[in-house]
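Engineer: Once you've had a glance at the structure underneath, I'll fire off some questions.
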Amino acid sequence: MSIGVPVYNGERYLEQALASLVSQTFGDIEIIVCDNGSTDATARISQVFARRDERVSVHRSEVNRGAAWNYNRALALARGRYFKWAAHDDLCGPTYIERCVEVLDRAPMSVVVAYPRTVIVDESGKPVGTYEDGLDLRQARPHERVAVLIRNLVLSNAVFGLMRTDVLRGTRGHGSYISADYVLLVELALAGQFWEIPEPLFFRRAHEGTSRAANRTSAEVAEWFDPGSGDEKTTEFLRLFAEYLLAIERADLSRADRLAVYRSTVPLWLRRFHGSMRRELLEQAASSLRIRSRNRSAEREDAQNRMAVSQSPVRLAVPVGVHELVRRVIWQVAPDYAPKIGIHVDPTLTIDADVVGMETIVANLISNAVRYGDVPITVSVDAGDEFTLTVEDSGRGVADAFTSHLFEAFARSEESREEAAGAGLGLAVARMAAEAAGGSLVYERARTGGACFRLVYPGSVLRRHASPKPAADRHAPQPHAAPHADTGIYALQRAA
Numbered sequence: 056m057s058i059g060v061p062v063y064n065g066e067r068y069l070e071q072a073l074a075s076l077v078s079q080t081f082g083d084i085e086i087i088v089c090d091n092g093s094t095d096a097t098a099r100i101s102q103v104f105a106r107r108d109e110r111v112s113v114h115r116s117e118v119n120r121g122a123a124w125n126y127n128r129a130l131a132l133a134r135g136r137y138f139k140w141a142a143h144d145d146l147c148g149p150t151y152i153e154r155c156v157e158v159l160d161r162a163p164m165s166v167v168v169a170y171p172r173t174v175i176v177d178e179s180g181k182p183v184g185t186y187e188d189g190l191d192l193r194q195a196r197p198h199e200r201v202a203v204l205i206r207n208l209v210l211s212n213a214v215f216g217l218m219r220t221d222v223l224r225g226t227r228g229h230g231s232y233i234s235a236d237y238v239l240l241v242e243l244a245l246a247g248q249f250w251e252i253p254e255p256l257f258f259r260r261a262h263e264g265t266s267r268a269a270n271r272t273s274a275e276v277a278e279w280f281d282p283g284s285g286d287e288k289t290t291e292f293l294r295l296f297a298e299y300l301l302a303i304e305r306a307d308l309s310r311a312d313r314l315a316v317y318r319s320t321v322p323l324w325l326r327r328f329h330g331s332m333r334r335e336l337l338e339q340a341a342s343s344l345r346i347r348s349r350n351r352s353a354e355r356e357d358a359q360n361r362m363a364v365s366q367s368p369v370r371l372a373v374p375v376g377v378h379e380l381v382r383r384v385i386w387q388v389a390p391d392y393a394p395k396i397g398i399h400v401d402p403t404l405t406i407d408a409d410v411v412g413m414e415t416i417v418a419n420l421i422s423n424a425v426r427y428g429d430v431p432i433t434v435s436v437d438a439g440d441e442f443t444l445t446v447e448d449s450g451r452g453v454a455d456a457f458t459s460h461l462f463e464a465f466a467r468s469e470e471s472r473e474e475a476a477g478a479g480l481g482l483a484v485a486r487m488a489a490e491a492a493g494g495s496l497v498y499e500r501a502r503t504g505g506a507c508f509r510l511v512y513p514g515s516v517l518r519r520h521a522s523p524k525p526a527a528d529r530h531a532p533q534p535h536a537a538p539h540a541d542t543g544i545y546a547l548q549r550a551a
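Following the working numbering, the numbering of the sequence shown begins with 56 at its first residue and continues without gaps.
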């Protein structure tokens with residue numbers, strides 16, 4: 056089996072880590088040290104172990120190409136049937152590899168990861184407490200394993216477990232973005248089971264030099280994963296959600312299993328991370344508005360250009376098929392509610408809009424209706440003199456005392472959930488996105504007594520020609536446009 060040790064400037068703890076690996080009771084191993092352009096004594100320490108033990112090899116990069124690249128390089132160099140990453144600052148008990156190999160040798164091929172229990176140690180290696188990973192994923196169905204993973208995953212210790220090399224190489228490897236190990240473990244859980252060994256054999260070191268402790272901002276952590284990316288706007292949780300959906304999409308699953316994963320785990324992911332995702336959306340919207348404000352200030356220097364801009368407030372982007380966009384957003388944010396959400400939108404209707412902004416608005420309106428309203432929920436469009444998209448639910452609506460606060464960016468407590476239904480970061484982001492595109496977002500009481508939100512764009516966004524009908528989704532159950540029995544408008548229905 057192969058052990059990959061990615062390291063950058065790890066002189067303080069590397070010797071102890073390598074000593075714990077060469078002292079394993081299981082001898083048929085190779086230890087691949089990948090030095091990522093270290094400028095300290097890392098290279099010297101690694102070469103000392105390589106000279107002493109022929110199982111140790113050292114592969115040095117002249118420049119630091121980031122932690123993600125180095126982790127993946129270690130995997131690419133591996134020759135063993137089983138593979139394990141070992142951090143340069145952690146320690147392994149002497150029987151770590153032996154016990155994990157025993158499990159994978161005897162377990163069915165459906166078991167893809169074996170890992171022992173975790174002990175947290177301090178800088179000197181002294182135990183400070185045990186850690187319950189809660190990732191013993193022996194469930195038979197992929198969606199059941201992923202559901203447990205999402206509920207319990209925090210420190211990602213299982214990513215340092217022993218894995219079947221071919222299965223690990225079937226994933227996208229370690230991504231070059233923040234918390235990419237979360238998505239990697241999702242991909243592995245979709246592929247098979249995790250078995251936890253009830254012995255404390257993994258000693259994870261907590262110290263000031265860890266990636267999260269040493270890098271205080273999201274930009275610094277991004278730079279640690281992928282040099283150069285720290286200059287870009289970092290959205291950790293939005294990126295994670297997109298990568299999570301992609302992991303589900305590319306997994307080797309039956310149609311039934313894929314649908315089960317979407318239905319049961321996407322809502323779990325959103326419930327766990329929705330606060331962070333909303334914060335990032337709000338920050339993006341605020342940043343976009345600041346940029347627009349700066350641009351407008353510069354344009355005031357040229358009166359003629361300023362006049363032209365003032366007469367064309369809507370930013371035209373690309374043709375967007377409204378029916379397909381709404382349908383896609385529903386399957387992303389509320390797949391289990393899809394059969395209960397009516398889409399009253401002409402499938403041929405196309406508007407000129409910013410796709411990201413439009414999806415942001417619709418996603419927040421749908422999420423709001425699902426979380427605080429009641430079914431049935433309808434999404435309808437009036438494409439007359441103006442473009443009006445309406446999301447209406449059948450819940451209790453918003454208490455009169457809170458309607459003036461609907462679009463304020465504040466966090467709601469569980470105690471105020473009933474009274475303040477509809478208020479919070481999501482709607483603040485949606486209104487910002489609407490206004491940035493020259494539109495508006497308003498609330499009114501629905502005819503059913505529930506909440507009704509209307510997104511209004513000027514008629515200039517409408518395109519006066521038909522767009523192709525939405526392409527079929529080969530993975531999701533196929534909703535289709537069919538005439539409503541009473542009104543002849545289009546409703547979302549489950550395919551027979």
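In this text, a Cβ means the ideal position worked out from N, Cα and C, and glycines have one as well. None of the values given here were measured: they were computed from a predicted structure.
Ala96 and Gly90 - do their beta-carbons sit closer together than 7 Å?
Structural biologist: Numbered from 1 along the sequence shown, position 35 holds the residue referred to as residue 90. Numbered from 1 along the sequence shown, position 41 holds the residue referred to as residue 96. The displayed chain sequence assigns Asp, not Gly, to residue 90. No, they are not a contact pair.
Engineer: Would you please verify whether the beta carbon of Gly121 is less than 7 Å from any beta carbon of chain B?
Structural biologist: You won't find chain B in this structure, because it holds only one protein chain.
Engineer: Who pairs with Gln194 in a beta bridge, going by DSSP?
Structural biologist: Sequence index remark: in the sequence shown, residue 194 carries index 139 (1-based). None, per the DSSP bridge assignment.
Engineer: When the Cβ atoms of the segment 68 to 88 are set against those of the segment 101 to 118, are three or more pairs found closer than 8 Å?
Structural biologist: Touching, per the Cβ criterion.
Engineer: Could you check where the beta strand (DSSP E) with Glu254 kicks off and where it finishes?
Structural biologist: Taking the first residue of the sequence shown as position 1, residue 254 is located at position 199. Counting along the chain, Glu254 sits inside the beta strand (DSSP E) bounded by residues Gln248 to Arg260.
Engineer: Do Asp144 and Tyr68 have their C-beta atoms closer together than 7 Å?
Structural biologist: The residue labelled residue 144 in the question sits at position 89 within the sequence shown. The residue labelled residue 68 in the question sits at position 13 within the sequence shown. Cβ distance < 7 Å, so Asp144 and Tyr68 count as in contact.
Engineer: Measuring straight from C-alpha to C-alpha, what distance separates Tyr63 and Val201?
Structural biologist: For this step, residue 63 is matched to residue 8 along the sequence shown. For this step, residue 201 is matched to residue 146 along the sequence shown. Each residue's Cα considered, the two are about 32 Å apart.
Engineer: If you check the beta carbons only, do Val238 and Tyr317 fall under 7 Å apart?
Structural biologist: The residue labelled residue 238 in the question sits at position 183 within the sequence shown. The residue labelled residue 317 in the question sits at position 262 within the sequence shown. Against a cut-off of 7 Å, the Cβ pair of Tyr317 and Val238 comes out as no contact.
Engineer: Within the continuous alpha helix (DSSP H) that includes Thr220, where are the two ends?
Structural biologist: Residue mapping note: residue 220 aligns to position 165 of the sequence shown, counting from 1. From DSSP, the alpha helix (DSSP H) with Thr220 extends over Thr220 to Arg224.
Engineer: Taking its Cβ as the centre, do 16 or more other Cβ atoms sit within 10 Å of Met487, making it buried, or is it exposed?
Structural biologist: Taking the first residue of the sequence shown as 1, we reach residue 487 at position 432. That one is buried.
Engineer: Helix, strand or coil for Phe138 per DSSP?
Structural biologist: The sequence position of residue 138 within the sequence shown is 83, counting from 1. Of the three classes helix, strand and coil, the one that applies to Phe138 here is strand, per DSSP.
Engineer: Less than 7 Å between the C-beta atoms of Leu243 and Val156, yes or no?
Structural biologist: The sequence position of residue 243 within the sequence shown is 188, counting from 1. The sequence position of residue 156 within the sequence shown is 101, counting from 1. Going by C-beta atoms, Leu243 is not nearer than 7 Å to Val156.
Engineer: Out of Leu510, Ala492 and Ile303, which has the shortest C-alpha to C-alpha gap to Phe442?
Structural biologist: On the sequence shown, residue 442 is found 387 positions in, with the first residue counted as 1. Selected option, being the one with the closest Cα: Leu510.
Engineer: Should the segment 129 to 139 be called in touch with the segment 187 to 197, which here means at least 3 C-beta pairs below 8 Å?
Structural biologist: In this structure the segment 129 to 139 does not lie against the segment 187 to 197, because fewer than three pairs of beta carbons, one per stretch, are closer than 8 Å.
Engineer: By Cβ distance below 6 Å, which residues in the same chain neighbour Ala466 in space, the five residues on each side in sequence not counted?
Structural biologist: Here residue 466 refers to the residue found at position 411 of the sequence shown. With a pLDDT of only 42 at Ala466, under the threshold of 50, the placement of this residue in the model should not be trusted; the figure read from the coordinates follows. Same-chain partners within the cutoff: there are none.
Engineer: Per DSSP, Gly189 is paired with what?
Structural biologist: Walking along the sequence shown from the start, residue 189 turns up at place 134. Looking at the DSSP assignment, Gly189 forms no beta bridge with any residue, so it has no partner.
Engineer: Going by C-alpha distance, which of Pro513, Ala454 and His460 is nearest Arg500?
Structural biologist: Within the sequence shown, the letter at position 445 stands for residue 500. For the residues Pro513, Ala454 and His460, the minimum Cα distance to Arg500 belongs to Ala454.
Engineer: Hey, Gly439 and Ala506: beta-carbon distance below 7 Å or not?
Structural biologist: One-based indexing of the sequence shown puts residue 439 at position 384. One-based indexing of the sequence shown puts residue 506 at position 451. No; because the gap between Cβ atoms is not below 7 Å, this pair is not in contact.
Engineer: Where Leu482 and Glu490 are concerned, what is the direct C-alpha to C-alpha distance, given to the nearest angstrom?
Structural biologist: Here residue 482 is taken as the residue at index 427 of the sequence shown, counted from 1. Here residue 490 is taken as the residue at index 435 of the sequence shown, counted from 1. If you take the alpha carbons of Leu482 and Glu490, they lie about 12 Å apart.
Engineer: Tell me the residue span of the beta strand (DSSP E) that contains Ile87.
Structural biologist: Taking the first residue of the sequence shown as position 1, residue 87 is located at position 32. Taken as a continuous stretch (DSSP letters only), the beta strand (DSSP E) holding Ile87 covers Glu85 to Asn91.
Engineer: With DSSP collapsed to three states, give me the class of Gly59.
Structural biologist: Along the sequence shown, one-based indexing puts residue 59 at 4. Strand at Gly59.
Engineer: Is it right to say Val373 is buried, meaning 16 or more other beta carbons lie within 10 angstroms of its own, or is it exposed?
Structural biologist: Residue 373 sits at position 318 when you count from the first residue of the sequence shown. Residue burial annotation: Val373 is exposed, with fewer than 16 other C-beta atoms found within 10 angstroms of its C-beta.
Engineer: DSSP on Phe104, reduced to helix/strand/coil?
Structural biologist: Counted from its first residue, the sequence shown places residue 104 at position 49. Residue state, collapsed to three classes: helix.
Engineer: Can you tell me whether Pro61 is buried or exposed, with buried defined as 16 or more other CB within 10 angstroms of its CB?
Structural biologist: Here residue 61 is taken as the residue at index 6 of the sequence shown, counted from 1. Using a 10 angstroms sphere on the CB of Pro61, the tally of other CB atoms reaches 16 or more, which defines it as buried.
Engineer: What distance in whole Å lies between the Cβ atoms of Ile385 and Ile396, which are believed to be in contact at a cut-off of 8 Å?
Structural biologist: Within the sequence shown, numbered from 1, the residue matching residue 396 stands at position 341. Within the sequence shown, numbered from 1, the residue matching residue 385 stands at position 330. Going by Cβ atoms, the distance from Ile396 to Ile385 rounds to 6 Å, so yes, they are a contact pair.
Engineer: In chain order, what residues of the same chain lie with their CB nearer than 6 Å to the CB of Leu146, ignoring the 5 residues before and after it?
Structural biologist: The residue given as residue 146 occupies position 91 in the sequence shown. Ser75 and Phe258, listed in sequence order.
Engineer: At the level of alpha carbons, what is the spacing between His399 and Val375?
Structural biologist: As a position in the sequence shown, residue 399 is number 344, starting the count at 1. As a position in the sequence shown, residue 375 is number 320, starting the count at 1. Cα-Cα distance, rounded: 16 Å.
Engineer: What number of angstroms, rounded off, separates the C-alpha of Glu254 from the C-alpha of Gly216?
Structural biologist: For the purposes of this step, residue 254 is taken as residue 199 along the sequence shown, with counting starting at 1. For the purposes of this step, residue 216 is taken as residue 161 along the sequence shown, with counting starting at 1. Between Glu254 and Gly216, the C-alpha separation is close to 13 Å.
Engineer: Here's a check: name, in chain order, each residue in its chain whose Cβ is nearer than 6 Å to the Cβ of Val434, leaving out the five neighbours to either side.
Structural biologist: Stepping through the sequence shown from its first residue, residue 434 is reached at position 379. The answer, listed in chain order, is Val381, Ile398 and Val446.
Engineer: List the endpoints of the continuous alpha helix (DSSP H) containing Gly412.
Structural biologist: For the purposes of this step, residue 412 is taken as the residue at position 357 of the sequence shown. Its alpha helix (DSSP H) spans residues Val410 to Tyr427.
Engineer: What residue range does the alpha helix (DSSP H) around Leu208 cover?
Structural biologist: Within the sequence shown, the letter at position 153 stands for residue 208. No alpha helix (DSSP H) contains Leu208, which DSSP labels as neither H nor E.
Engineer: Does DSSP put Arg333 in a helix, a strand or coil?
Structural biologist: Walking along the sequence shown from the start, residue 333 turns up at place 278. Reduced to three states, the DSSP call for Arg333 is helix.
Engineer: With distances taken Cα to Cα, identify the nearest neighbour of Ala195 among Val174, Ser165 and Ser231.
Structural biologist: Sequence index remark: in the sequence shown, residue 195 carries index 140 (1-based). With distances taken between Cα atoms, Ala195 lies closest to Ser165.
Engineer: By how many angstroms is the C-alpha of Glu338 removed from the C-alpha of Val369?
Structural biologist: The sequence position of residue 369 within the sequence shown is 314, counting from 1. The sequence position of residue 338 within the sequence shown is 283, counting from 1. Its pLDDT being 40, under 50, Val369 is placed unreliably in this model, and the value from its coordinates should be taken loosely. Going by the C-alpha atoms only, they are around 21 Å apart.
Engineer: Which same chain residues end up closer than 7 Å to Met413 when comparing Cβ atoms and leaving out the 5 residues on each side of it in sequence?
Structural biologist: Indexing the sequence shown from 1 puts residue 413 at position 358. Only Val375 and Leu380 meet the Cβ criterion.
Engineer: For Phe81, which three-state DSSP category applies?
Structural biologist: Start at 1 with the first residue of the sequence shown, and residue 81 comes out as number 26. Phe81 falls in the coil class under three-state DSSP.
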